[in-house]
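Residue numbers (our numbering), protein chains in the order written: chain A, -10 to 424; chain S, -10 to 424.
For every residue, glycine included, the Cβ atom is placed at its ideal position computed from N, Cα and C.
Some notes on the structure that comes next.
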């Protein structure tokens, strides 16, 4: 038996605000950060790694919350924890006093995501499988057992969920083989941050097309005149025929303003407008979607939980579901969202970027194609070329597609040197920066 | 000029789990707690007091978050802060890095509520007025300036909000005079906690009726057979003619289960079913409401922000809006919810109980009647007889009504001895309990 001896959580922050990487109309100065969890065991060769993602201040709050969330794991048998990933999740989630602070949202949910991401990483390492393979080796009933279907039975029962998964189970390996050759298609946001100059925008768009990308995303919502100029530059470079352009407002508009502003950008034929308004506004997204069609509506990186996504589907509010691997409470809740998306026919295009999100979502997208949706239509997963150097098993993108990860786990482990240098505020980088 | 010299936040916990006070189907063992904020100034006679309410574990997380939220106030002029309560709110809320942890929900929003509650308390003390009077002395335009109308313009514009308030402005003093005589009607939840025996339930129902209450609320959702037995006891005591019975499930059901369970309790003619399912499930509440009418649907104590309430109103999902004074980000956001409730014709019956919530909501209910709704129809504010002894200006209830508070501020100040004894884990009570 192997025993969990500690759940350590570290405040890791990268000084991305210095270069305006990641700048948009809402988040002007983020320092991409992680509340980084290490589940240590009495086997020095075996740990589980996970995190949630934040953009700087308040990362310490998530660290404290994750420590409290992870405490019940200490002293447990690793074998028992990974043999019942649904039970482990439900137990960590069941603390009724912590529930008051959400429920299922905000800091507490981010913290549960961080801890459960590390549990899933641990499970992959114990099995010697990358997370996508761990999931695609589970039967439909096993997958539904780990999924969090609570509050969802009005749209998805357990039997229905098993049925959805059973449809594709016999052909899973065919799709694994296919993706092993092609990878999973992705798009880049690296070109379009608001803080970049026009020349840099033009150059990055050209580089993206030259690298094989067929989807490029630009931030909008700062100034309409600038948005028009920047979208024109992007379309000049990528054209209208072979490449899709997406736009992302990061929640800066009220509903009427969103409808007006997106209308003014319609000539550039964006595939989707992302986060046009409050991420909580299901009915607002539905109203915007009706008004701006055929431009699609996308949201989800701030989608707080499965109950929000359920309603986004029920209200026909979105064309693209952009779930976030560090905001939903890990694979348990994410499976439930994928299942609902399948039922409602909405493609899932996970949010990524930040720090480590690309590492996580590549596993989820492969799982979706192999076991849930069986389709690549309308699906493309975000990719941002930041901060991968800090991970021991960084994602690999070739010709606009994620290469299937092969190392055991959830690709969530950071280099110890990176953690040490960027621990806030005591690591070498921050000690020097604040000196 | 008076200057803010510190924003101190203390982790105060009361051991309510020991007596099963506050027990319900979801929250079985709460220790009613407060992340308690004191805004200290260089005038030893002037401080502002506020808090958010939690039920135990994780209160330390709110404390940390409130410290971070309050930091920008230090060094500011008290006069400037209280002269621009809208600007102060927007500035504290505008931190884009902290926004990522919500936005506007969970721990971060509870923390903003705690700090802004203390700011409003401070404003009342500076003005020498109880909070309700501070508000009812503001013009319609001044009230709308402090309200947070962001993300709401699809249902309520600034001009419309001013218009709603202007209607009742000329007659405010008439309603102040009326409430000065009658108080504001309340109901009691003290009878109906799940953990109480049948004899205690019967006795407490009788005492409530004898004390002048015309509304009594029972917790349900643990076991249907027990619910039937307990509701029968309550109706035997209070009858069907002169008193209303409300039931509260504290979110334990999925939507179909809620419809079925409430149907099985319909013979007891509850006025409302409170929190039948996830507090995030707008469309679920709407479906339940359609199915269980004429029983009303109530929710709001976990209503995370104004965008959620906007949609509850748009979807015609609730008959009673139970906003929470420690979960919404203080008066700034609460005014917005009251204005929307007025527009949509939904009575607001604030959640109270916990620790200190009764002290806060009495001010809000008076403000609503005097300045916003001008109506008492369908309105009754929660009252629970716990923990008032820890406050320097405790609410007073007579004949089933809150007596208008008269002391300056938001009634949010605790006795220093209480704070000292129940500070967790170092105060005298906890040091002894854990020894």
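Should residue 403 of chain S go down as buried or exposed, given a rule of 16 or more other Cβ atoms within 10 Å for buried? buried
Same chain, Cβ closer than 6 Å to residue 308 of chain A, neighbours up to 5 away in sequence not counted: 285, 286
Contact set between residue 43 of chain S and chain A, taken where Cβ atoms lie within less than 8 Å: 86, 89, 90
Which residues in chain A have a C-beta closer than 7 Å to the C-beta of residue 467 of chain S? List them in chain order. Chain S is shown from -10 up to 424; residue 467 of chain S falls before or after that span and cannot be answered.
Would you say residue 244 of chain S lies against chain A (beta-carbon separation less than 8 Å)? yes
In whole angstroms, give me the CA-to-CA distance for residue 35 of chain S and residue 124 of chain S. 20 Å
Could you tell me the distance, in whole angstroms, from the CA atom of residue -2 of chain A to the CA atom of residue 164 of chain A? 37 Å
Close-in-space but distant-in-sequence residues of the same chain around residue 227 of chain S (CB under 7 Å, 5 per side omitted): 194, 198, 205, 234
Please state whether DSSP places residue 0 of chain A in a helix, a strand or coil. strand
Own chain partners of residue 355 of chain S with C-beta closer than 7 Å, once the 5 adjacent residues on each side are dropped: 121, 168, 173, 393
Going by the beta-carbon positions, is the gap between residue 238 of chain A and residue 14 of chain A smaller than 8 Å? yes
Please report how far the alpha carbon of residue 374 of chain S lies from the alpha carbon of residue 22 of chain S, in whole angstroms. 15 Å
Alpha carbon to alpha carbon, what distance is there between residue 157 of chain A and residue 361 of chain A? 7 Å
Quick one: using the 10 Å Cβ neighbour count with 16 as the cut-off for buried, is residue 267 of chain S buried or exposed? buried
Residue from A:50, A:30, A:25, A:51 whose Cα sits closest to the Cα of residue 40 of chain A: A:25
For residue 420 of chain S and residue 414 of chain S, the rounded distance between their alpha carbons: 6 Å
Are the C-beta of residue 370 of chain A and some C-beta of chain S separated by less than 8 Å? no
Cα separation between residue 27 of chain A and residue -6 of chain A? 11 Å
CB contact check: residue 98 of chain S to chain A, cutoff 8 Å: yes
Could you tell me which chain B residues have their CB closer than 7 Å to the CB of residue 296 of chain A, listed as they occur along the chain? Among the protein chains of the structure shown, namely A and S, there is no chain B.
Can you check whether the CB of residue 296 of chain A is closer than 8 Å to the CB of residue 243 of chain S? no
Assess contact between the region 380 to 398 of chain S and the region 103 to 123 of chain S, defined as three or more Cβ pairs (one per stretch) separated by less than 8 Å. Is contact present? yes
Name, please, each residue of chain A whose Cβ falls closer than 8 Å to the Cβ of residue 53 of chain S. 49, 50, 53
On the DSSP letters alone, give me the boundaries of the beta strand (DSSP E) that residue 236 of chain S sits inside. 233 to 237
Taking the alpha helix (DSSP H) that residue 147 of chain A belongs to, which residues open and close that run? 147 to 157
Are the CB atoms of residue 312 of chain A and residue 324 of chain A within a distance shorter than 8 Å? no
Proximity test, Cβ basis, 8 Å: residue 252 of chain S and chain A: no
Relative to the alpha-carbon of residue 73 of chain A, which residue among A:107, A:33, A:50, A:131 has its alpha-carbon at the smallest distance? A:131
Mind listing, in chain order, the continuous alpha helix (DSSP H) runs of no fewer than 4 residues lying wholly within the region 348 to 411 of chain A? 405 to 411
Per-residue DSSP class, three states only, for residue 185 of chain S: coil
Spatially closest choice to residue 148 of chain A from A:288, A:66, A:241, A:129, by CA coordinates: A:129
Taking 8 Å as the threshold, find out whether the region 91 to 107 of chain A comes into contact with the region 365 to 379 of chain A through three or more Cβ pairs. no
Cβ closer than 8 Å: which chain A residues qualify as neighbours of residue 46 of chain S? 57, 84, 86, 87
Which value, in whole angstroms, describes the spacing of the CA atoms of residue 220 of chain A and residue 353 of chain A? 31 Å
Cβ of residue 336 of chain S within 8 Å of Cβ of residue 371 of chain S? no
Give me the chain S residues within the contact set of residue 303 of chain A, using Cβ-Cβ distance strictly less than 7 Å, ordered along the chain. 272
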